[in-house]
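Here the protein sequences come in this chain order: A and B. When we follow the numbering used here, the leftmost residue of the first sequence carries the number 1, and every step to the right adds one. When we follow the numbering used here, the leftmost residue of the second sequence carries the number 10001, and every step to the right adds one. Each residue gets a CB set at the ideal place from its N, CA and C atoms; glycine is no exception. Take a look at the structure below.
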Amino acid sequence: MVEGLIHPLNIFLLGLGGGFLIPLLYRLSKRLPAVAFWAALAGIAALSAICFWRVLEGGDAIEIETAGSLPPLAISLRFGVAEGYFAFLVNLVAVLGAWQLWRALRESYTTLLLYLILVMGINGMIMTRDLFNLFVFLEIVSVATYGLFGLGRSPAALAASFKYIMATVLASSLFLLGAALLYHVTGTLSIDEMIVRRELIAGPVGATALILVLACLVIELKPYPANGWGLDVYETAPAGVAAIVSVGVSAGVFFALLKLLPLFEPHLTLIAVSAAITFLAANLIGLRQANVQRMLGCSSVAQMGLLTMALALLSQSGVAELHMAFVIGGLFANHLFAKAGLFWLAGALGRERIRDWNVLSTGAPFVMVFAALLVAIAGLPPFPGFWAKWELVMRLAASGDHVWIAVVLLGSLLEAAYMFRWFCRAVGGQRSEDATVPALMRWRRGLMPPAACVALLLAGGVVAAGEAGAASAWLFAPLAAGAVLLAAEGLPGRGKCVLMLLLVSAVGFWLLQGVGGISGLFGALFLAGGVVIASAALYRDDARHGYYPLMAVLLLSMIALLRATTSLEFFFCWEMVTLASSFLLALSPPARRYVLQFFLFSLAAAFLLLAGFGLVAATLGTTSLSAYATAGPAAAPAFVLLAIGCLIKIGVIGVHVWLPNAHATADGDLSAIFSPLVTKVPAFGLFMVAYLATRSQVGLELAHVVGWIGMLTAAGAALLALHETDMKRMLAYSSLSQTGYIVAAIALMSHLGWVTALYLVANHLMVKGILFLTATAIIYRTGLRRLEDCGGLARRMPLTFVVSVAALVSMSGLPPLAGFGGKWLLLTAMLQKEWYGPLALGAFATLIGLLYMFRFGHALFLGPPKRELTDVREAPAALLVPQFVLLAGILLLSFFPKLFMVPVSAAIDPQFASTLVWQGMSLELIYAYWDPTRAIVIAVVIAALGWLALWLIYRGGRRPGQVPGVARFYQFYRAMLAPLQKAPVERFWGGVAIAVERGAGAARRVYTGDGQTYALQVLYYVIALYFVAIEIPKW
Amino acid sequence: MGLPISHVLLVTGLLLMLVGLWGVFAHRNILRIIIGFSILNTGIHIVMVATGYVTDGTAPIIDKALPVGEAVRSAVDPIPAALVVTAIVIGFSVTAVMLSYAVRLHQARKTLSIDAFTESKW
């Protein structure tokens, strides 16, 4: 008995029966329709869940025959794994959606009825195997949708609904005609039979019929430019209705396309091109939207484009069914829950315009759910979209579809741009951070369904990771640590900090077990440096909501990255670092305006890595990183992409615009993590790329270019640092300059270069850690950020002064401290390689470096003491202790270099081919062989001459009557560097942004708002499809 | 006997479809647009019926006069007719929904010109 009830056909019984029963029950009692509605809806969801579970557990697909006959005489339906997956997920969303929409739904029993019929119709579209029956379900869904649109009462909503009706009625009329003609040529309406007899679909009638059916499905998926009617409805319909149209109705139509795809085999390229245009254009147009729901509509249209494009391309290249299911299933589920959740959030907040969104007062749960859904929709880890997009890129790379990879990544970048701009605006309001405190645990009404979406997405992400073979405990350990700290968010600030440090130490130590070589060295630096610098956060006793969980995720992801053995794991950790640092940045109110820049450049870098990994995997047939060493010259383009990705993330000159602002405006102790520590992650990436490139003998000549880029960065950033008056921004530029040296050292591709690079990494990490904490302490005690405003602090903050001077000396590369060991070695190594250009740049950068570092120390600590700074106290111990620990590290590195050099040499040695110059030589030998004294003498002489020249120019150029002085000297040169402020680089990126915005503005001119124009666009689109399909039959 | 009836039907249907499309696109009045859609649908229905026509065929009623074996050759295909019946019902309900929207649009703006309803754009 019970067994008989659990049958997919009963979904229709519940839908239709419930639909008929509801009006009757209303006559009996006004409460009964709600009971019947929930019973029927829950029944539908439960039935699909159970049946899906059964077919998943190895049961055969459930074939449903009706009317006692077999197809083609009767309608048949199927409930297999694919149908079960789509139906179950849609029904799940439908239940959540009804919960969200409940206030509107319960007002009238007709809306309950319509909602139920809509859900049943979508199930029908998914399950039916009969072409005409598909039309019937399509119309049932359409009519129910039209009815639900009636919930929107405004004239705009009514008008939009009417436009929607016009366009979809036109499309379904074409479907009807196409289906009838297909029946005429094939003699059957059964989809399976039709696929068997598809060669009968020929000649003018058959071809036209096929195009008509295809055109209807494509139109229903809202292709650009014939989709204005869809966007209008997304904008004006109640959020809950827009959500179910965006994810539910689209799911039904998409599944119809999926099941008819064998018929459309000759037109797969056409489908892919049309979907790609939609994906790019919709995401471009999304950039210009001011209305939240319209923007979500753009994203929705784009995501359906991506799904369709993936479907067409993957079936064209004959990808195995399992991979196909992974990509399509992952992208579908990701969009389904993330988009529905976002629409519901929009509904819960009830603000139409993006500029009215100020979510900080809505409470932490709201912000977290909001952020998680955005991360999901952008296809970032740990959500299913990440794994699916990775697999998609891998498959496209394997079939050589490189242009398509570019389309996928470019569209995703545009989508991330407007989605995260929305987030930045929503959290960038003027409210102080404290506004969130009382609201910490406040659960807004309507937040539960979106929160459930996040939970489902997380579960889906773990399942997808398992399917992708990456579900290891260590990979998710950073997130787990973050979750633990999130649970402890109620503790006082310092308690959370201590807990975070303990957790990071323990988990980090565990993560590093068995990690050796260069990775092990970086790991030790990241863990020790991270814990020491992060402990500076103890100087604050405020709650800092969200800071500690994110910090744990950031530090542990950096460490986990070193453990990666496959490019997928590497990329996962890389994206986690990007996400954690972006959200940390968003926690600092002054930094919020730079978060978007920071995020987008990071994402662009990540996407280049993704493309590079895809190309390597296609050449080598594996994602294992250790196999990269066997790559031949064929992998050269991939290595170029990987290198460019790392260089963008480093922020080399030309793509540096995003970095200094972010690092300068973040909270003090956060910039002390970012600038010294997080910038080493792409440096490590570059190391790996360079190492693999060396091993695989590809692109060694590329190293010279990278060397130039590195030194140009070192010199350019040094000039910018010299020009800067904001102390933290100066340090940020200085970090960039130092990273330039590291890049050049890596590019040397020699043992010496690499020892130097690692040496510089360690030294810079400690030095810049100290200096950023110094800046933090000064800003904390004085509230001043500009160098000129300070002065004479040496007496007030003697300990800070001492530790800063030591750091400055070390960074300047002056003897006897550690920077000396690195920088001169680097310059002489360049001499050895006959890289005279980079060498000259390096010498210049070093000279400028001396200038700005002297200025930093002089302006802050020496110089005339400012009267208002007389009662400034020494920095808090919480800031001093990490600084002195770092100083101890510098001293250790300086006077006992062997402690560091032996493991470094050991880590590098086995990895070098014998062709390289410094194989097997320990650093002591190098020192002995090289006798750096000569180099140092030359360099010091050059530097002294440079100083002298600069001073003489200053004396000659200053206005008569001015008393010469250090401050004036710098002012003189700052004025000369003023043009840097309006550097062409900044203008270039500004121009790119404006051009993209203008493109978006032009692309959306097609949306005139006129229903007839929209209908005409639909007609033109169909005609265009028809002519392309007829003219280029192989498309 | 010259032109088979199916050709007449096909031509009529296609003409009606064009007339319907013209009605949809050439008129600014929402009621006329809805009538255009109805005519378009009627045209499609006639074309569908026409595709099932078999010249000199008989009614598809299988009995002594028309054995099963012969039905395939000499009976009119009943399926398009069955489809058209369903399509008519669907078209009816869609038209009803459109008309109800027309009423509400008129209530909102006191006009039935589609030019008055271009709020959302770009």
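Please classify A:Phe79: does DSSP put it in a helix, a strand, or coil?
Position 79 of the first sequence, counting from 1, holds the residue named residue 79 of chain A. A:Phe79: strand per DSSP, three-state reduction.
Comparing the C-beta of A:Gly946 with each C-beta of chain B, is any distance below 9 Å?
Position 946 of the first sequence, counted from the first residue, corresponds to residue 946 of chain A. No, A:Gly946 lies away from the interface with chain B (no Cβ there is under 9 Å from its Cβ).
Where A:Ile518 and A:Met749 are concerned, what is the direct C-alpha to C-alpha distance, given to the nearest angstrom?
Here residue 518 of chain A is taken as the residue at index 518 of the first sequence, counted from 1. Here residue 749 of chain A is taken as the residue at index 749 of the first sequence, counted from 1. Answer to the nearest angstrom: the Cα atoms are 14 Å apart.
State the Cα-Cα distance for the pair A:Phe1039 and A:Gly632, rounded to the nearest angstrom.
Residue 1039 of chain A lies beyond the stretch modelled for chain A, which goes from 1 to 1035, so this question has no answer here.
Can you look up A:Asn661 in the DSSP assignment and give me helix, strand or coil?
Taking the first residue of the first sequence as 1, we reach residue 661 of chain A at position 661. Looking at A:Asn661 - three-state DSSP - the assignment turns out to be helix.
With H, G and I counted as helix, E and B as strand and the rest as coil, what does DSSP make of A:Asp1036?
Coverage of chain A is limited to positions 1 through 1035, which leaves residue 1036 of chain A absent and any answer about it impossible.
If we cut at 9 Å on Cβ distances, does B:Thr10118 have a partner in chain A?
The count along the second sequence starts at 1 and reaches residue 10118 of chain B at position 118. Interface residue, yes.
Go through its chain and collect everything with a Cβ distance to A:Ile377's Cβ below 8 Å, but skip five positions before and after it.
Here residue 377 of chain A is taken as the residue at index 377 of the first sequence, counted from 1. Cβ within range, chain order: Ser299, Gln303, Asn334, His335, Ala338, Lys339, Leu342, Gly385, Glu415, Met419.
Any idea what DSSP makes of A:Asn334, helix, strand or coil?
Residue 334 of chain A sits at position 334 when you count from the first residue of the first sequence. Three-state result, A:Asn334: helix.
Could you have a look at A:Thr208 and say whether DSSP puts it in helix, strand or coil?
Position 208 of the first sequence holds residue 208 of chain A. Helix, per DSSP.
So for A:Val437, helix, strand or coil by DSSP?
Here residue 437 of chain A is taken as the residue at index 437 of the first sequence, counted from 1. Low confidence applies to A:Val437: its pLDDT is 38, below 50, so where it sits in the model is not reliable, and the reading given next is rough at best. Reduced to three states, the DSSP call for A:Val437 is coil.
Look at the Cβ atom of B:Asn10041, then the Cβ atom of B:Gly10091, and state whether they are nearer than 9 Å.
On the second sequence, residue 10041 of chain B is found 41 positions in, with the first residue counted as 1. On the second sequence, residue 10091 of chain B is found 91 positions in, with the first residue counted as 1. Result yes, Cβ atoms of B:Asn10041 and B:Gly10091 sit closer than 9 Å.
My output table needs one value for A:Asn283: the three-state DSSP class, helix, strand or coil.
As a working note, residue 283 of chain A is residue 283 in the first sequence. It is helical.
Would you mind telling me which residues of chain A sit closer than 9 Å to B:Pro10004, beta carbon to beta carbon, in chain order?
Residue numbering aside, residue 10004 of chain B sits at position 4 when the second sequence is read from its first letter. Correct list: empty, because the minimum Cβ distance to chain A is about 15 Å.
Which class does A:Gly920 belong to by DSSP, given the choice of helix, strand or coil?
On the first sequence, residue 920 of chain A is found 920 positions in, with the first residue counted as 1. In this prediction, A:Gly920 scores a pLDDT of 42, lower than 50, which makes its location untrustworthy; the coordinate-derived value is nonetheless stated afterwards. Coil.
Please report whether the beta-carbon of B:Gly10052 lies at a distance below 9 Å from any beta-carbon of chain A.
Taking the second sequence and counting its residues from 1, the one referred to as residue 10052 of chain B is at position 52. Answer yes: the Cβ-Cβ gap between B:Gly10052 and chain A drops below 9 Å somewhere.
Tell me which residue opens and which closes the beta strand (DSSP E) that A:Glu65 is part of.
Taking the first residue of the first sequence as 1, we reach residue 65 of chain A at position 65. Note, A:Glu65: beta strand (DSSP E), 62–65.
Taking any Cβ of chain A, which residues in the stretch 10081–10092 of chain B have a Cβ under 7 Å from it, in chain order?
Flagged, chain order: Leu10083, Thr10086, Ala10087, Ile10090.
What is the DSSP secondary structure of A:Ala180, counted as helix, strand or coil?
Along the first sequence, read from residue 1 onward, the residue named residue 180 of chain A stands at position 180. DSSP places A:Ala180 in helix when its eight states are reduced to three.
What is the DSSP secondary structure of A:Ala406, counted as helix, strand or coil?
Sequence index remark: in the first sequence, residue 406 of chain A carries index 406 (1-based). A:Ala406: helix per DSSP, three-state reduction.
Where A:Leu503 and A:Leu600 are concerned, what is the direct C-alpha to C-alpha distance, given to the nearest angstrom?
What you label residue 503 of chain A is simply residue 503 of the first sequence in a count that begins at 1. What you label residue 600 of chain A is simply residue 600 of the first sequence in a count that begins at 1. Cα-Cα distance, rounded: 30 Å.
Give the DSSP bridge partners of B:Ala10075, in chain order.
For this step, residue 10075 of chain B is matched to residue 75 along the second sequence. Looking at the DSSP assignment, B:Ala10075 forms a beta bridge with B:Thr10058.
Is there contact between the stretch 703–716 of chain A and the stretch 831–845 of chain A, where contact requires at least three CB pairs shorter than 8 Å?
These segments touch.
Touching or not, the stretch 225–234 of chain A and the stretch 161–170 of chain A, by the rule of three or more beta carbon pairs under 8 Å?
As far as the Cβ criterion goes, the stretch 225–234 of chain A touches the stretch 161–170 of chain A, which means the pair count is three or higher.
Kindly list the residues whose CB is nearer than 6 Å to the CB of A:Phe233, restricted to its own chain and excluding five residues on each side of it in sequence; keep chain order.
In the first sequence, the residue the question calls residue 233 of chain A occupies position 233. Rather than Phe, the amino acid found at residue 233 of chain A in this sequence is Val. Same-chain partners within the cutoff: Ala160, Tyr164.
For B:Val10103, count the other beta carbons within 10 Å of its own beta carbon; 16 or more makes it buried, fewer makes it exposed. Which is it?
As a first step, residue 10103 of chain B must be located in the second sequence, where it is residue number 103. Exposed, because fewer than 16 other Cβ atoms sit within 10 Å of the Cβ of B:Val10103.
Can you tell me the Cβ-Cβ gap for A:Leu77 and A:Ile64, rounded? I've got them flagged as a contact below 8 Å.
Taking the first sequence and counting its residues from 1, one reaches residue 77 of chain A at position 77. Taking the first sequence and counting its residues from 1, one reaches residue 64 of chain A at position 64. About 4 Å separates the two Cβ atoms, so the contact holds.
Any contact between the stretch 619–636 of chain A and the stretch 401–414 of chain A? By contact I mean 3 or more CB pairs, one from each, below 8 Å.
No contact exists between the stretch 619–636 of chain A and the stretch 401–414 of chain A.
Could you tell me which whole beta strand (DSSP E) segments of length 3 or greater appear in the stretch 8–96 of chain A?
For the stretch 8–96 of chain A, whole beta strand (DSSP E) runs of length 3 or above, ordered along the chain, are 62–65, 76–79.
How many angstroms separate the CA atom of A:Ile533 from the CA atom of A:Met500?
Working through the first sequence from its first residue, we reach residue 533 of chain A at position 533. Working through the first sequence from its first residue, we reach residue 500 of chain A at position 500. Approximately 12 Å between the Cα atoms of the pair.
Who pairs with A:Gly726 in a beta bridge, going by DSSP?
Taking the first sequence and counting its residues from 1, the one referred to as residue 726 of chain A is at position 726. The sequence given here places Asp at residue 726 of chain A; Gly does not occur at that position. Paired residue(s): A:Arg786.
Just the Cα atoms here: how many angstroms apart are A:Leu258 and A:Ala552?
For the purposes of this step, residue 258 of chain A is identified with residue 258 of the first sequence, where counting begins at 1. For the purposes of this step, residue 552 of chain A is identified with residue 552 of the first sequence, where counting begins at 1. Distance between the alpha carbons of A:Leu258 and A:Ala552 is about 43 Å.
Closer than 9 Å, CB to CB, is A:Glu139 near chain B or not?
Position 139 of the first sequence, counted from the first residue, corresponds to residue 139 of chain A. It does: the Cβ of A:Glu139 has a partner Cβ on chain B nearer than 9 Å.
Roughly how many angstroms lie between the CA atoms of B:Ser10038 and A:Val1022, to the nearest whole one?
On the second sequence, residue 10038 of chain B is found 38 positions in, with the first residue counted as 1. On the first sequence, residue 1022 of chain A is found 1022 positions in, with the first residue counted as 1. Whole-angstrom Cα-Cα distance: 20 Å.
Cβ closer than 8 Å: which chain B residues qualify as neighbours of A:Thr236?
Reading the first sequence from its first residue, position 236 is the one you call residue 236 of chain A. Ordered by position in chain B, the residues that pass the 8 Å Cβ test against A:Thr236 are Glu10119, Ser10120.
At the level of alpha carbons, what is the spacing between A:Met853 and A:Tyr733?
Locating residue 853 of chain A in the first sequence gives position 853, where the first residue counts as 1. Locating residue 733 of chain A in the first sequence gives position 733, where the first residue counts as 1. One C-alpha to the other measures close to 11 Å.
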